[in-house]
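Only one structure is covered here, and it is reproduced in the block below.
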Amino acid sequence: MAEQESAFDWHSDHITESTPVTSTYRNTQNVRRFLQENCGPDFRFNREFMAWIKNGEAKTMGEVAIEWQKRSKRKG
757 MAEQESAFDW HSDHITESTP VTSTYRNTQN VRRFLQENCG PDFRFNREFM AWIKNGEAKT
817 MGEVAIEWQK RSKRKG
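Taking the numbering used here as reference, the numbering of the sequence shown is continuous, increasing by one, and the terminal residue is 832.
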């Protein structure tokens, strides 16, 4: 029997760098706060980045923050 993913509440559960992005991931204000704290006040979601987050590849929220920082540096 497959192990069931724990139900992480993206609206209210505490997000850390090691929080895994699960199939229930949502772009919430809680996620936005975490990413602004880790990426700075210039953090913004965009469609390409949101699609990358939800592409099904295993990643943590720390890796999400690092990826945004890499993309931000390339743009500017």
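Beta carbons: idealized from backbone N, C-alpha and C, even for Gly. Computed from a predicted structure; not experimentally measured.
Residue from the options with nearest C-alpha to residue i
i: E773; options: S779, F790, N811; result: F790
i: W808; options: Q785, S768, I822, C795; result: I822
i: I771; options: S828, V787, A814; result: V787
i: W824; options: N794, Y781, T784, E813; result: N794
i: S828; options: K810, R800, N811; result: R800
Residue range of the alpha helix (DSSP H) that includes residue i
i: E793; result: 785-795
i: W808; result: 803-809
i: R839; result: With the chain covering only 757 through 832, there is no way to say anything about residue 839.
Inter-residue spacing [alpha-carbon to alpha-carbon] between residue i and residue j
i: E819; j: D765; result: 19 Å
i: A758; j: Q792; result: With a pLDDT of 48 at A758, under the threshold of 50, the predicted position of this residue should be treated as unreliable, though the coordinate-derived value follows. Whole-angstrom Cα-Cα distance: 35 Å.
i: R830; j: S768; result: 32 Å
i: T778; j: D798; result: 25 Å
i: E813; j: N783; result: 17 Å
i: E804; j: A763; result: 26 Å
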